[in-house]
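Taken in order, these protein sequences are the chains called A and B.
Oh and the first sequence: position 79 is 79 in UniProt numbering, straight run, nothing missing.
Oh and the second sequence: position 307 is 307 in UniProt numbering, straight run, nothing missing.
There are 2 protein chains.
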Amino acid sequence: MSKPTPLSGFPEWLPPQRMIEQQLLARIARTFELYGFAPLETRAVEPLDQLLRKGETSKEVYVLRRLQDSGGDADLGLHFDLTVPFARFVLENAGRLQFPFRRYQIQKVWRGERPQEGRYREFLQADIDIVDRDTLPFHYDAEMPLVVGDALRGLPIPPVTIMVNNRKVCEGFYRGLGLADPEPVLRAVDKLDKIGPGKVAALLTETAGATDAQAAACLELAAIAAPDASFADRVRALGVTDPLLDEGLDELVRVVDAAAAHSPGLVVADLKIARGLDYYTGTVYETVLAGYESSGSICSGGRYDNLASSGAERFPGVGISIGVSRLLGLLFGRSALTVSRAVPTCVLVALTDEDARPAAGRVAGALRSRGIATEVAPAAAKFGKQIRYAERRGIPFVWFPGADGAADSVKDIRSGEQVDADAAVWQPPAADLLPVVSAAVTAGS
Amino acid sequence: MSKPTPLSGFPEWLPPQRMIEQQLLARIARTFELYGFAPLETRAVEPLDQLLRKGETSKEVYVLRRLQDSGGDADLGLHFDLTVPFARFVLENAGRLQFPFRRYQIQKVWRGERPQEGRYREFLQADIDIVDRDTLPFHYDAEMPLVVGDALRGLPIPPVTIMVNNRKVCEGFYRGLGLADPEPVLRAVDKLDKIGPGKVAALLTETAGATDAQAAACLELAAIAAPDASFADRVRALGVTDPLLDEGLDELVRVVDAAAAHSPGLVVADLKIARGLDYYTGTVYETVLAGYESSGSICSGGRYDNLASSGAERFPGVGISIGVSRLLGLLFGRSALTVSRAVPTCVLVALTDEDARPAAGRVAGALRSRGIATEVAPAAAKFGKQIRYAERRGIPFVWFPGADGAADSVKDIRSGEQVDADAAVWQPPAADLLPVVSAAVTAGS
């Protein structure tokens, strides 16, 4: 076989990067569980008609067929997010779930996009959602950002800002302005960061039937942002009135106030946030990473009152999704994260000759039984070569079984210090037991 | 949308089952790391020509296409195991890896099989592999079963038996018998458990050109099994000689002896084990779960000397794969595993009225900061209703914030015992902190 080459859009991390990803995921999952979210995984595939029901991403769906298809199978596609599969799961299993149902889900998703920087065709998402039967209390909309803030705080990554808006604010405002169909307005405003206010104004007149004055008002609304409830007065000062606008402002104030009390600085109300997918009906979230603002949102979501419904059954929900691959891709791209070694191994047991392998295996077993990750050397080479095996992987300790009844000894190969040791009791320093992830010290910092 | 129905072959666990799966996976991953295996994930897709290179499963590959394909993309399929992608990864990244390279990989794989009991189209595998450049020491073949034994021991599942064979034993034996092409012989013998010795004998004469005496000898070899090195004498007693047979017997004895010293009873030499995939060149492993022997192997693998090679570069490997979905599917099918609650939550904070939500949130935050998973009640309903919310999910404790300066109290809703408590210091009993997975007590046991 010829030497394989990477596939554009399908990132693969080397083991040290995967170790960083795992520690990040463990922290995220642990935080989700501390908030009572139960774990769930759904299958990777959904019937194609489900995937094509909603949203702008439907054109990006990967369709599956069996190589030797004998017909009769439903048309299947790979899921492009975790919200649509979750809504389907809730409908399918409603009789076996307790509502309100809180779940988290950490899985790969796939989108057949044209690859470009920061856009992947396969990527990992970490989602939380809460759904209830018939109605879902609004306080859950305020809880979502707090969970994400807790999950990401304490990780060696730059701080995040969660930008919150509410579709009701936008739709009510547009309606109050006299623009009855909010969809083309939202789609135009959603492009603000990409194409700028001038072109958005042109789009609004072209695609949403707005007058110049209406377009200007939409842009004024989108320009409002504040870390506290003061945004509401600035919206009201624009002079547009509508009951839905009032309802949206009240909701958005509750989200901002709750976050300001729990995690000052975490959340801002930002009225330009629209979200492309059209299943959101109220609160919407986007998140930027400090220093990476131009790279787009690394954590998004919102309230969806109508996504999961079947006949008379309706399960409104709210959720938020951390784009784990997106986040790590940005940080890895600037070499911003580092891990203290390239393998889980803490101790390498050296070998004097191949006959000593069973005894070395018993030393390794004794260390492992106390939680110390241990390998035995691959061959009874010269000790210098065995030490280099450890060095190249960042394994901090090499264990030398004692010959002829002499005590074993263990060497810290960074300092060169070697001490007698007993595999039944020896402990490495706490900082060496597991690989440690930290922010990389770069020339610029 | 109409009520969705399950897709055959794509299992989905409810959250309590997923919690069981997660604890199993955590134990498996932790054991792999204790042995120094580094984590890796590869993309879900491989170029189709890679997937179709080897083995009988190629017809089962799921092929991907983008819904709106603009052409020019490579043909891609979903991986059907984790070994072929790993071999590709090693070739692609050889210059950035340290050899011997030990990695573990826990991911979904997909096979477009006709669904039947115990066969899935999407399932989770947990693999370890070790590859080296040019040659790989044989002692790694002996290490594989020990890692799996350690990973599964201590879990609340029935004991496993790992059955080991060696392709060199079979091929040398067949060659010594005068059967030059081992492939059709292996394929026939591989069907022994399914169709029985009579039909295998007929297959051997029909498809492998065997005489009745040769077929009988092949069946005699396949009938040999032993938990220790005694199998080798029984093979030699069949009177067939061949250098490859001798090499295979020596290797197989080393695997069995190492396992007998480390984990008595874990491994047996079983000379009928063949493995369907044709990339194995030496040791092969299969594993049965006590009480589920007829359900086939739940952990399989082997030595592959030629899977990863490109031009002059060659990376022989050995690996073993725990069929996590297969294993759990069997146990869930008999309701053999149970978890102490249906959610991670340990404490539900009750609410007297909605205005108390911020204060309840502070109690929850104090408990979470000390690792105690906590939810706040969804609404300020009557306490009886809030307690039923906890009961239905198996949440053991309900927390009552004290009114007007009175102390908080916490109630164990199983015993009814209620005590004053301070969220800054209260600890649940250790057994209640996290959900506990255990073997279910069934009527028959």
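By construction, the Cβ of each residue, glycine as well, lies at the ideal position given by its N, Cα and C atoms.
Indicate the three-state DSSP secondary structure (helix, strand or coil) for residue i in the structure shown.
i	result
L289(A)	strand
K272(B)	coil
L64(B)	strand
S438(B)	strand
F99(B)	coil
F397(A)	strand
S321(A)	strand
V410(B)	strand
G239(A)	coil
Y104(A)	strand
C170(A)	helix
A260(B)	helix
S300(A)	strand
Q125(B)	strand
V253(B)	helix
Q427(B)	coil
V131(B)	strand
T83(A)	helix
A336(B)	coil
I162(A)	strand
E113(B)	coil
A151(A)	helix
F315(B)	strand
E183(A)	helix
Using 8 Å as the threshold, is the C-beta distance between residue i and residue j below it?
i	j	result
F315(B)	V90(B)	yes
D150(A)	T287(A)	no
P227(B)	A208(B)	no
S340(A)	V436(A)	yes
R43(B)	E12(A)	yes
E247(A)	K168(A)	yes
R96(A)	L64(B)	no
Q50(B)	R18(B)	no
E92(A)	P16(B)	no
A359(B)	P401(B)	yes
E122(A)	L328(A)	no
L186(B)	A201(B)	no
I273(B)	M163(B)	yes
Y389(A)	A406(A)	no
L34(B)	A350(A)	no
L271(A)	A222(A)	yes
P396(A)	R370(A)	no
Y62(B)	R66(A)	yes
G176(B)	Q214(B)	no
L348(A)	V398(A)	yes
Rounded to the nearest angstrom, how far is the Cβ of residue i from that of residue j, given a contact under 8 Å?
i	j	result
A229(B)	N165(B)	In fact, because the Cβ distance is near 14 Å, the residues do not count as touching under 8 Å.
G302(B)	V324(B)	Contact flag wrong, Cβ pair sits at about 19 Å.
E375(A)	T345(A)	5 Å
L266(B)	A259(B)	5 Å
T83(A)	L307(A)	7 Å
A439(B)	P156(B)	4 Å
A180(B)	E313(B)	At roughly 30 Å, the Cβ-Cβ gap does not stay under 8 Å, so A180(B) and E313(B) are not in contact.
Closer than 7 Å by C-beta to residue i: which residues in its own chain qualify, once you throw out the five before and the five after it? Chain order, please.
i	result
W426(B)	V410
F138(B)	E251 and R254
If you drop the 5 nearest sequence neighbours on each side, which residues of the same chain put their C-beta closer than 8 Å to that of residue i?
i	result
A403(A)	T352
T211(A)	T205
A366(A)	A423 and A424
A29(A)	P39, Y104, I106 and A126
residue 461(B)	Chain B is shown from 1 up to 445; residue 461(B) falls before or after that span and cannot be answered.
R234(B)	I224 and A226
Give a yes or no on whether the minimum CB-CB distance between residue i and chain C is below 8 Å.
i	result
A44(A)	Here chain C cannot be found, since the structure's protein chains are A and B.
CB-CB under 6 Å to residue i, same chain, minus the five flanking residues each way: which ones, in chain order?
i	result
residue 521(A)	Residue 521(A) falls outside the range modelled here, since chain A spans only 1 to 445, and no answer is possible.
G317(B)	D129, V131 and Y304
V109(A)	H79, F80, D81 and Q125
G394(A)	R341 and A342
F231(A)	I224 and A269
Review point. Counting Cβ pairs, one atom from each stretch, are 3 or more of them under 8 Å apart for the region 236-253 of chain A and the region 167-184 of chain A?
Key: Yes, they touch.
Check your understanding: At a cut of 8 Å, does the region 74-83 of chain A reach the region 37-53 of chain A through at least three beta carbon pairs?
Key -> Touching, yes, given that three or more Cβ pairs across the two stretches are closer than 8 Å.
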